[in-house]
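Novice:
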Amino acid sequence: MMWWWLFLILSYIVAVVLFHVYIRYLSSRRINFNSKSPPVIIEPWYCPFLGPVLSFLNLEASINKWRAKYGANFTLLIFGKYVTFVTKYVDIKKYYHGTEEMLSLTKAAQILLGSAYPENQYMVEYSAVPYLQRILTPRYLRHMALNFEIVADDYFNTKNGQFWAENGDETVVDLFEFMYRLIIRSNSINFTSFRVYKNHVEELIRLFTILDVEKSIANPITYGLKKRLGMKSDRDIAWEQWTQLLMPDIERCLKMIENNIEPVDGDIIYETIKYAKEELEKRGQIFTPRLVAFLTFSTFVPAQVNTYTTAAFMILEWIRHEHDEIGQRMKEEIDHAPPKGEITIEYLNSMEYVQACIYEVIRIRTDSPVSFRLAGQPVPLSNEKFIPEGNIVASPLTRAEDLYLNPEKFDPDRHLTPREEMKADPYRALPFGRGRHPCTGERYVKMQIKMFLIQLSKMCKMELMPESNNFEATINKKQLAGLSRPTKPVFIKISKREL
Numbered sequence: 017m018m019w020w021w022l023f024l025i026l027s028y029i030v031a032v033v034l035f036h037v038y039i040r041y042l043s044s045r046r047i048n049f050n051s052k053s054p055p056v057i058i059e060p061w062y063c064p065f066l067g068p069v070l071s072f073l074n075l076e077a078s079i080n081k082w083r084a085k086y087g088a089n090f091t092l093l094i095f096g097k098y099v100t101f102v103t104k105y106v107d108i109k110k111y112y113h114g115t116e117e118m119l120s121l122t123k124a125a126q127i128l129l130g131s132a133y134p135e136n137q138y139m140v141e142y143s144a145v146p147y148l149q150r151i152l153t154p155r156y157l158r159h160m161a162l163n164f165e166i167v168a169d170d171y172f173n174t175k176n177g178q179f180w181a182e183n184g185d186e187t188v189v190d191l192f193e194f195m196y197r198l199i200i201r202s203n204s205i206n207f208t209s210f211r212v213y214k215n216h217v218e219e220l221i222r223l224f225t226i227l228d229v230e231k232s233i234a235n236p237i238t239y240g241l242k243k244r245l246g247m248k249s250d251r252d253i254a255w256e257q258w259t260q261l262l263m264p265d266i267e268r269c270l271k272m273i274e275n276n277i278e279p280v281d282g283d284i285i286y287e288t289i290k291y292a293k294e295e296l297e298k299r300g301q302i303f304t305p306r307l308v309a310f311l312t313f314s315t316f317v318p319a320q321v322n323t324y325t326t327a328a329f330m331i332l333e334w335i336r337h338e339h340d341e342i343g344q345r346m347k348e349e350i351d352h353a354p355p356k357g358e359i360t361i362e363y364l365n366s367m368e369y370v371q372a373c374i375y376e377v378i379r380i381r382t383d384s385p386v387s388f389r390l391a392g393q394p395v396p397l398s399n400e401k402f403i404p405e406g407n408i409v410a411s412p413l414t415r416a417e418d419l420y421l422n423p424e425k426f427d428p429d430r431h432l433t434p435r436e437e438m439k440a441d442p443y444r445a446l447p448f449g450r451g452r453h454p455c456t457g458e459r460y461v462k463m464q465i466k467m468f469l470i471q472l473s474k475m476c477k478m479e480l481m482p483e484s485n486n487f488e489a490t491i492n493k494k495q496l497a498g499l500s501r502p503t504k505p506v507f508i509k510i511s512k513r514e515l
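Written as C-alpha cells, this is what we have:
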C-alpha cells in the first residue's frame with residue numbers, strides 16, 4: 017500500500033514540474049506574457065490549478081494580496097482560462113465604456129457557465145439586452161406596477177397564495193425565502209403571462225429554483241460532463257418543462273401575429289414571441305419556442321441573484337430604523353403613495369429617499385462580487401498596457417469604503433444632494449453599473465422594491481424575531497455573485513393589518 021502512496025506523490029510532483037515547464041518555457045511566447053499585458057499569476061506553486069480557485073473563497077483578501085504583489089491589474093490562470101482583474105480605477109472607467117464587441121458580457125457568461133446554462137448557445141448570438149430594452153418601456157412599466165398590487169393581494173388573500181388562510185393572522189417566516197417567492201411571483205406575471213401566474217406559479221418557482229444560475233457558476237463541470245456523455249440532468253428536464261409551460265401562450269401569440277391581431281393591453285409574452293420571431297427571421301432561421309424560453313428565463317436571473325436579497329435587506333433596515341429618522345422618512349414616502357390602482361411611475365420615481373436606501377443597502381451589503389466580460393479585441397489600459405484578446409476580464413465591485421464618511425453606518429443621505437459621496441469617483445460606486453454597461457433592468461428593480469414596500473406596509477406589520485437579532489454575524493461575504501447574504505434563516509414575525 018505504501019508503494020501506491022509513493023507512486024501518487026511522485027506522479028503529483030512530476031505533474032507540477034511539467035506544468036511549470038509548460039507555463040514558464042513552452043507557453044512563454046503567448047501574448048499573455050508580453051510585457052505590455054498585465055502579469056500572469058501562477059501560484060501557489062504546489063497547487064497550480066486549485067490555488068486561484070480556493071483564493072476566490074475570500075476574494076476581497078485575495079485581491080488585496082495580489083494587488084500588493086503584482087500591481088493594480090493582473091491575470092490569473094484558472095483551469096486553462098486567463099482571467100484579467102482590473103482594479104485600477106482609471107481602467108475600470110475604460111472597462112465600463114468598452115463596446116460590446118470589445119467587452120462582451122454574454123460571451124463571458126457563455127464561457128463561465130458553459131453547458132450548465134440552459135440553451136447556452138443562445139447566450140452569444142441572442143443577447144437579452146435589446147429584448148429587455150424593448151419591453152421595459154414606460155407603457156409596460158406602468159402595467160407592471162399595477163401587477164405588483166395584484167401579486168401582493170393574491171399572495172396574502174386568494175387561492176393563489178392563501179398566506180393568511182394557511183398561516184393565520186400572525187406567523188413567523190424566513191424573510192429571504194419569503195421575499196424570494198414574492199419576487200419570483202411578480203416576475204412570473206410581468207415576464208411570462210397572466211395564465212402562467214394564475215395557474216402554474218408554484219410550478220414555475222420550482223423549475224426556476226432547479227435552474228439556479230449560481231449553482232451553474234459553482235458547478236459547471238458536472239453538468240457539462242453529463243451533457244457530453246449524453247446524460248440528462250435535472251436541469252435539462254426542468255428546461256424542457258419550462259418550455260412546455262409557455263407553449264399555450266406561444267401558440268396563442270403566433271396565431272395573433274399570423275392574423276395581424278395586436279394585443280389590447282400589455283402582453284409581454286406577445287412582445288417576447290414577436291421579438292424572437294423577428295430575430296430568427298433576420299438570420300434565416302425557423303421559429304423555435306426554446307429561444308422564447310431562453311429570453312423569458314433571462315429576465316428572471318437578476319431576481320434570483322440580487323433583487324430578492326436587496327428587498328429583504330430593505331425590510332430589515334426598515335424594521336431596524338422604525339423609530340428613528342431613517343424609518344420615518346421611509347414611512348413618509350410609502351404612506352403618501354396614491355390609493356390602489358392609482359400609483360403612477362412618476363410617484364415611484366419621486367420616492368428619492370427610499371431609492372437612496374436601496375443604493376445604501378447595495379453599497380453596504382456588497383463585498384467583492386465580480387463583473388465579468390470577455391475581451392473580443394485587445395483592451396487598452398493605462399501605462400500603455402493592454403488586455404489580450406480572448407481573456408476574461410473581471411472587475412470587482414467593492415464597497416469603496418474610502419469614498420464614504422463613516423462607511424460602516426447605514427446612511428441613505430450619502431446618496432442624496434448635497435452630499436452624493438459616490439460622485440467623488442462614480443466608477444468605484446456601481447450599484448447598477450455605468451457607461452455602456454449599466455443594468456438594463458434598473459428601473460424595473462427599483463420600481464419592484466418600492467411597490468412591494470408600499471403593498472406590504474398596507475397588509476402587514478413585520479418584526480425581527482429575537483433569535484435573528486444577530487443575523488449580521490452569519491452574512492456570507494465569500495461569494496462571486498449577488499449581495500452578501502446570511503447563511504442562516506432570518507426569522508421575522510408577520511402580523512395581519514386590518515384594512
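Heads up: the sequence shown runs through residues 17 to 515, numbered per this note's numbering.
Here a beta-carbon is modelled for each residue, glycine too, at the ideal position from N, C-alpha and C.
Here the structure is a predicted model, which means the values were calculated and not measured.
Counting C-beta neighbours from all protein chains within 10 Å, is the total for residue 506 16 or more, i.e. buried, or is it exposed?
Specialist: buried
Novice: From residue 64 to residue 121, what distance separates their C-alpha atoms?
Specialist: Note on residue 64: pLDDT 49, under 50, position unreliable in the model; the coordinate value appears next. Taking the straight line joining both Cα atoms gives about 27 Å.
Novice: When you compare the CB positions of residue 353 and residue 470, do they come within less than 8 Å of one another, or not?
Specialist: yes
Novice: For residue 320, count neighbouring C-beta atoms within 10 Å of its own C-beta (all shown protein chains included) and say buried if the count is 16 or more, exposed if not.
Specialist: buried
Novice: Of the residues 414, 364, 199 and 374, which one's Cα is nearest the Cα of residue 387?
Specialist: 414
Novice: State the DSSP-derived secondary structure class of residue 478, mapped to helix, strand or coil.
Specialist: For residue 478, the secondary structure class from DSSP, reduced to helix, strand or coil, is strand.
Novice: I'd like to know whether the C-beta atoms of residue 208 and residue 270 end up nearer to each other than 8 Å.
Specialist: no
Novice: Is it the case that the stretch 481–491 contacts the stretch 354–367, given that we only count it when at least three CB pairs across the two stretches are under 8 Å?
Specialist: No contact exists between the stretch 354–367 and the stretch 481–491.
Novice: Could you name the residues that DSSP lists as bridge partners for residue 98?
Specialist: 93
Novice: Are residue 474 and residue 374 closer than 8 Å when you measure CB to CB?
Specialist: no
Novice: Per the DSSP calculation, residue 508 is bridged to which residue(s)?
Specialist: Residue 508 pairs with 189 and 480.
Novice: Based on DSSP bridge pairs, tell me the residues matched to residue 501.
Specialist: 492
Novice: In the structure shown, what three-state DSSP assignment does residue 166 receive?
Specialist: helix
Novice: Which term fits residue 19, buried or exposed, when burial requires 16 or more other beta carbons within 10 angstroms of its beta carbon?
Specialist: exposed
Novice: Can you give me the C-alpha to C-alpha distance between residue 422 and residue 432, rounded to a whole angstrom?
Specialist: 16 Å
Novice: In whole angstroms, what separates the C-alpha of residue 420 from that of residue 328?
Specialist: Going by the C-alpha atoms only, they are around 24 Å apart.
Novice: Along the chain, where does the beta strand (DSSP E) that runs through residue 387 open and close?
Specialist: DSSP places residue 387 inside the beta strand (DSSP E), whose first and last residues are 386–391.
Novice: Could you tell me how far apart the beta carbons of residue 500 and residue 104 are, in whole angstroms, since I believe they sit closer than 8 Å?
Specialist: Actually they are not in contact, since the Cβ atoms of residue 500 and residue 104 sit about 24 Å apart, beyond 8 Å.
Novice: In this structure, what does DSSP give as the bridge partners for residue 119?
Specialist: 391
Novice: Assuming residue 221 is part of the alpha helix (DSSP H), what are its boundary residues?
Specialist: 210–226
Novice: Grouping DSSP H, G and I as helix and E and B as strand, with all else coil, what is residue 29?
Specialist: helix
Novice: Near residue 112, which residues of its chain fall below 6 Å by C-beta distance, leaving aside the five closest residues on each side in sequence?
Specialist: 450, 451 and 453
Novice: Using 8 Å for Cβ pairs, my map puts residue 152 next to residue 460. What's the rounded Cβ distance?
Specialist: About 6 Å; that satisfies the 8 Å criterion.
Novice: Beta strand (DSSP E) containing residue 377: first to last residue?
Specialist: Careful: residue 377 lies outside any beta strand (DSSP E), inside the alpha helix (DSSP H) at 368–380.
Novice: If you drop the 5 nearest sequence neighbours on each side, which residues of the same chain put their C-beta closer than 7 Å to that of residue 190?
Specialist: 505, 506 and 507
Novice: Go ahead and pull the three-state DSSP assignment for residue 143.
Specialist: coil
Novice: Excluding five sequence neighbours on each side, which residues of the same chain lie with their C-beta closer than 7 Å to the C-beta of residue 115?
Specialist: 452
Novice: Taking the alpha helix (DSSP H) that residue 318 belongs to, which residues open and close that run?
Specialist: Per DSSP, residue 318 belongs to the alpha helix (DSSP H) from 305–318.
Novice: On the three-pair Cβ rule with 8 Å, is the stretch 209–216 touching the stretch 250–267?
Specialist: yes
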